[in-house]
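Okay, structure first, notes after.
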Amino acid sequence: MIAIALILSMWINEAAAAGYQGAMAALKHVGERDAAELDSLLASPGPALAGNRRVTALLEDNREALALFKQAAQTVNDGNLFAPKREKLDPNSPPPNYEAHLKLFKLVLIDAKVNAVRGQRDAVENDLLATAGFMAQLSEQKSGILISELVRQLCLQKSYTILSDSIRGSSASPEYLDELAARLSRAASKQDFMWAAMLEETEMAKDRVRETMSPVTAEAERNKMPFLKRLLAERLQNQEYFAIIYERFEEGADERGQVFVKAFRANDPAIADDFVSKQLGAMQARREAVERRGLWGALKDAVQRGTEAKGRLADVALDSLTRGSIPMYSKLIARYHVASSQLGVLRTALAVKLYQRGRRRLPDRLSQLVPAFLPAVPQDPFNRFAPLSYVAAGRSYAIYSFGPDGMDGKGSAAVDCEAYASTPARNTGDILFVE
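In the working numbering, the protein residues as written are 2 to 436.
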């Protein structure tokens with residue numbers, strides 16, 4: 002039975018991958034220069050889009066591509082949908098390329114806005130279920146995790162308002178609410194996604210160092226050195242020397258990766274920044290200590306050829322190797338939690354809708370949604386990971402996260418998440434659903 006399930010899963014994913022390939026092949030009139038236009042169109046009000054001849058032609062020309070995208074987005078990703086399964090991490094393997102997927106995703110959202118203006122509820126819901134399915138698939142990807150997560154965040158940012166509008170009021174079909182809740186639940190089930198991304202990036206950094214700092218590359222570098230310096234390096238750069246470099250780099254990378262995970266879990270970039278600063282400072286101090294020994298010290302090391310001598314030479318190489326292998330992951334932390342908060346608010350709003358549909362009233366508190374409609378109330382990473390906030394008055398209510406400014410705005414104003422993504426200083430307001 003397990004073998005049959007695996008074969009079926011592989012077949013379904015192959016069909017979905019073929020569907021996405023077909024959608025990309027059928028995509029028309031959306032070239033490199035048109036990608037920015039899609040963002041501009043997506044920011045336009047629905048009525049303006051519905052009356053825009055360019056939009057009408059664009060959607061009509063891409064009916065086949067959109068249909069294939071929506072069909073492919075229905076499946077569950079076995080982890081290898083957007084990139085082939087790899088037996089081991091390979092830093093030279095290209096990451097998933099989502100450029101065309103994003104164009105199709107934005108076109109589907111534009112289609113949903115136009116369909117909403119025309120009162121075509123079923124078409125709107127079909128469009129938006131595809132967007133939710135695609136985001137769930139991104140969460141389920143097992144390789145190229147970092148780029149998949151960044152694309153998922155962008156998709157949430159682009160679709161949040163449209164998804165919110167689709168569940169507000171009483172026009173949404175019960176089937177849509179149920180299926181949207183299921184797909185967003187899949188997307189949320191991988192909330193440790195960025196942790197896994199940090200560990201994957203750590204392993205690839207270790208592999209890259211083994212490639213860039215090898216006996217072959219070291220020999221090429223030595224050939225560029227002055228005679229005496231080349232002679233000294235030749236006496237020390239043996240198998241033991243490279244083993245020291247790999248061991249020390251990997252130890253530092255593993256420790257750094259765990260600190261990045263801790264920083265993401267705590268929503269605290271300072272944890273990562275402080276650690277990296279101290280780690281690089283210690284490496285620089287060791288390198289400078291070696292350099293202070295001067296030529297005489299280098300000659301002694303070359304004569305002795307001991308482990309300590311090779312370790313000192315390795316310290317010089319490690320400083321530059323490490324500095325060149327640490328992206329500014331701390332810059333991604335708050336943005337990750339903005340996206341996770343958006344997802345949590347949407348799922349909670351859906352749960353309130355389902356509760357309201359079954360009981361003909363609003364819940365008094367969000368804990369009443371558990372466990373029938375939510376396994377747990379989503380946490381607010383901008384409020385010390387307390388449950389999301391909820392305010393109800395009569396038939397109106399607000400569900401919100403404090404947002405990146407960390408202030409309780411009582412759900413009075415929403416932060417512009419798209420503006421925040423490009424300009425972190427524009428962080429005022431809550432991540433909000435109001436009805």
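Glycine included, each C-beta is placed from N, C-alpha and C at the ideal position.
Nearest-angstrom Cα separation, counted from residue j out to residue i
i: Thr429; j: Asp316; result: 45 Å
i: Pro425; j: Pro270; result: 13 Å
i: Leu147; j: Val378; result: 26 Å
i: His102; j: Gln238; result: 47 Å
i: Leu300; j: Cys156; result: Since pLDDT at Leu300 reaches only 49, below the 50 mark, its modelled position is unreliable, and the value read off the structure follows with that caveat. Whole-angstrom Cα-Cα distance: 58 Å.
i: Asp365; j: Arg348; result: 17 Å
i: Lys104; j: Leu322; result: 37 Å
i: Arg361; j: Tyr330; result: 46 Å
i: Ser413; j: Leu351; result: 20 Å
i: Met408; j: Ala113; result: 33 Å
i: Thr218; j: Gly80; result: 35 Å
i: Trp297; j: Lys311; result: In this prediction, Trp297 scores a pLDDT of 46, lower than 50, which makes its location untrustworthy; no coordinate-derived value is stated.
i: Val260; j: Phe276; result: 7 Å
i: Glu15; j: Leu363; result: 43 Å
i: Val371; j: Pro388; result: 12 Å
i: Asp417; j: Ser167; result: 19 Å
i: Arg184; j: Leu139; result: 12 Å
i: Ala290; j: Glu309; result: 13 Å
i: Arg427; j: Ala68; result: 37 Å
i: Ala221; j: Ala318; result: 15 Å
i: Ala6; j: Pro95; result: Note that Ala6 scores a pLDDT of 44, beneath 50, so its modelled location is shaky; the value from the coordinates is reported in the next line. C-alpha separation (whole angstroms): 29 Å.
i: Asp37; j: Ser45; result: According to the sequence shown, residue 37 is Ala rather than Asp. Answer to the nearest angstrom: the Cα atoms are 13 Å apart.
i: Phe194; j: Glu201; result: 11 Å
i: Ser423; j: Gly120; result: 33 Å
i: Lys191; j: Ile245; result: 37 Å
Cβ pair residue i, residue j closer than 9 Å
i: Lys107; j: Leu164; result: no
i: Thr203; j: Asp255; result: yes
i: Ala133; j: Leu355; result: no
i: Ala74; j: Leu130; result: yes
i: Asp320; j: Arg287; result: yes
i: Phe243; j: Pro216; result: yes
i: Tyr421; j: Arg336; result: yes
i: Asn78; j: Glu141; result: yes
i: Leu82; j: Ala24; result: no
i: Gly20; j: Phe70; result: yes
i: Phe374; j: Asn268; result: no
i: Gly1; j: Gln280; result: The requested residue 1 does not occur in the structure, where the chain is confined to residues 2 to 436.
i: Gln72; j: Val339; result: no
i: Phe265; j: Met214; result: no
i: Lys469; j: Ala66; result: A query on residue 469 cannot be resolved here, the shown segment of the chain reaching from 2 to 436 and no further.
Residue of the options minimising C-alpha distance to residue i
i: Gly345; options: Ser278, Pro382 and Lys104; result: Pro382
i: Arg358; options: Ser172, Pro92, Thr162 and Glu100; result: Ser172
i: Asp62; options: Ala37, Ile168, Val77 and Val109; result: Val109
i: Met136; options: Tyr161, Asp91 and Gly120; result: Tyr161
i: Ser397; options: Gly170, Ala36 and Pro95; result: Gly170
i: Gln380; options: Phe374, Phe403, Lys71 and Leu67; result: Phe403
i: Ser341; options: Tyr247, Pro328 and Leu151; result: Leu151
i: Leu178; options: Asp208, Asp431 and Asn127; result: Asn127
i: Val115; options: Pro85, Ala58 and Tyr99; result: Ala58
i: Lys89; options: Lys207, Asn98, Gln369 and Tyr247; result: Lys207
i: Asn53; options: Ile111, Ser186 and Gly120; result: Ile111
i: Ile334; options: Ile272, Ser41 and Ser149; result: Ile272
i: Lys411; options: Asp431, Glu100 and Glu241; result: Asp431
i: Ala26; options: Arg64, Glu235 and Ala283; result: Arg64
i: Arg324; options: Pro376, Ser186, Gly282 and Leu50; result: Gly282
i: Arg87; options: Gly120, Trp196, Ser423 and Lys143; result: Lys143
i: Val31; options: Gly120, Ala51, Arg55 and Leu50; result: Arg55
i: Trp196; options: Lys263, Gly120 and Ala415; result: Lys263
i: Pro405; options: Lys332, Val353, Gln369 and Pro376; result: Lys332
i: Ala76; options: Ser41, Arg313 and Arg187; result: In the sequence on display, residue 76 carries Thr and not Ala. Of the listed residues, the one whose Cα sits closest to Thr76 is Arg187.
Nearest-angstrom beta carbon gap, residue j and residue i [assumed within contact, 8 Å]
i: Gly47; j: Val125; result: With a Cβ gap of about 10 Å, Gly47 and Val125 do not count as contacting.
i: Ala394; j: Val435; result: With a Cβ gap of about 11 Å, Ala394 and Val435 do not count as contacting.
i: Ser174; j: Arg122; result: 7 Å
i: Pro92; j: Arg257; result: So it is not a contact: roughly 16 Å between Cβ atoms.
i: Tyr401; j: Leu367; result: So it is not a contact: roughly 11 Å between Cβ atoms.
i: Glu419; j: Gln158; result: 6 Å
i: Pro97; j: Ser149; result: 6 Å
Residue i CB to nearest heavy atom of the ligand FMN below 8 Å
i: Tyr177; result: With respect to the ligand FMN, the structure offers nothing, as it holds no ligand at all.
Legend entry - Runs of alpha helix (DSSP H) wholly within the region 24-100 (minimum 4 residues, chain order): 36-43, 47-51, 54-62 and 64-73
Legend entry - Every unbroken alpha helix (DSSP H) within the region 119-204, with a cutoff of 4 residues, ordered by chain: Taking only runs of at least 4 residues, the alpha helix (DSSP H) segments lying wholly in the region 119-204 are 122-141, 146-168 and 175-189.
Legend entry - Residue ranges of each beta strand (DSSP E) within the region 356-419, 3 or longer: 390-394 and 397-402
Inset, instruction - Quick one: which unbroken alpha helix (DSSP H) runs of 4-plus residues sit fully inside the region 318-363? Chain order, please. - result: Correct list: 334-360.
Legend entry - Sequence ranges, alpha helix (DSSP H) only - wholly within the region 265-295, length at least 4: 270-293
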